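Scroll down for the structure; my scribbles are underneath it.
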Amino acid sequence: MVWHAFLLNPRDFEWYCITHRLERICKVPFPWLHIVCFSPSIPQQTYLIVETQHKVINSRDYTYKLSKSHQSILRDMHLEPDLFDALTEVGKRDSHASNIFSQYGTGKRKAATSNYRGNILSHSEIVFAKTVETAISQAGENKPLVDNVIRQAAFVNKMHSHLWIRSPAVEGTVRRAIGRYEKFLQLFQDYPHATLVPTLDIDLIWHTHLCDPEQYRACFLQKVGRVVDHDDKIGKPILDKSFVQMQEMFNVRFGQSYDICLCWDCEAILSAVETLDGIGDMNSIDDLETGVDSAMDNVENDLRYYRAVEIARRKGIGLPICET
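So this note's numbering is basically just the index in the sequence shown, starting at one, shifted up by 46.
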């Protein structure tokens with residue numbers, strides 16, 4: 047979570063890596079392949095949903111669980127595989143580590159970690175104590191990092207509210223968003239001094255691009271001529287004014303609307319129209335009307351089914367079987 051939040055703020059990330067002698071980390075891409083792997087769609091007779099099979103993230107409830115092998119590696123490095131569980135366990139016991147933890151963030155200094163060094167602490171408690179001591183000493187330095195994490199939490203909540211990941215048109219939504227992001231990059235070159243504000247779909251692609259720092263830098267140098275920072279600290283008044291200007295620039299440059307509806311219904315209809323447009327054997331108006339009617343019926347059925355699936359998921363009951 048912290049690594050991801052920092053990657054989305056390139057200048058803060060670069061400064062942090064340089065000041066902490068972690069320059070090599072700047073070249074490490076986010077480990078997508080170890081987090082998620084893509085699989086073909088589930089057989090039609092079971093589901094019609096194209097799902098993403100996650101290695102460590104449960105695609106139904108988003109719980110995060112590392113494999114036993116990865117947990118073992120982290121423990122060998124004296125790192126807890128599940129920080130929440132570790133801190134909860136510490137809080138249950140009457141120990142020096144628990145006392146240190148309870149004092150952190152209170153402004154009290156009588157429980158300084160240095161008071162607990164020596165034979166009275168186990169090895170794991172010493173590691174924990176050093177971690178807390180470091181966090182206390184670097185609290186001021188790490189404030190930008192904390193702020194970055196909080197801001198990205200707001201973006202994640204927006205993603206959850208749109209629920210594109212469960213949309214029947216998610217593939218089309220992402221594909222079109224990538225195309226719009228390519229146009230967004232062109233505007234950086236056309237308007238080098240303007241503040242360009244992304245729509246939510248473009249920002250999602252921008253976030254993903256930022257997760258590979260080296261590739262991101264190379265791409266921007268090639269297409270834009272400079273590396274653009276993803277600055278999410280701009281105030282709302284400036285963002286609102288810049289977004290209005292952005293709509294005009296996008297419309298003038300590409301002849302398309304910038305601020306578009308991205309709900310399930312609109313995206314599903316758009317994907318169906320794109321599919322219909324790619325069919326080349328419609329030689330009459332009747333063929334076209336029949337194709338449109340059939341496509342809209344399929345969209346309506348898909349939307350009804352996908353909503354039923356989402357309702358069942360939220361209620362924790364078995365998913366409905368789609369009748370084909």
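Just so you know, even glycine gets a beta-carbon here, dropped at the ideal spot from N, CA and C. Source: prediction; values computed, not measured.
Ranked by Cα distance from His50, the options Phe76, Ala132, Lys282, Asp193 are led by Phe76. The beta carbon of Arg106 lies closer than 7 Å to those of Arg359 in the same chain, with the five residues before and after it left out. With a contact defined as Cβ atoms closer than 8 Å, Phe234 and Val270 qualify at about 5 Å. DSSP places Pro56 inside the alpha helix (DSSP H), whose first and last residues are 56-65. In the DSSP assignment, Trp78 falls within the alpha helix (DSSP H) that extends over 78-81.
With a 10 Å radius around the Cβ and a threshold of 16 neighbouring Cβ atoms, Ile119 comes out exposed. Of Ala341, Met295, Glu135, the smallest CA-CA separation from Leu316 is found for Ala341. Spanning the alpha carbons of Asn344 and Asp249 requires a straight line of approximately 30 Å. The Cβ neighbour count for Leu53, taken over all protein chains shown within 10 Å, is at least 16; the residue is labelled buried. Collapsing the DSSP output to three states places Tyr304 in coil. By the C-beta criterion, the stretch 52-72 is judged to be in contact with the stretch 260-278, since at least 3 inter-stretch pairs fall below 8 Å.
Less than 9 Å divides the Cβ of Leu246 from the Cβ of Leu308. A straight-line Cα-Cα distance of about 32 Å links Ala354 and Ser113. Annotated three-state conformation of Tyr237 is coil, per DSSP.
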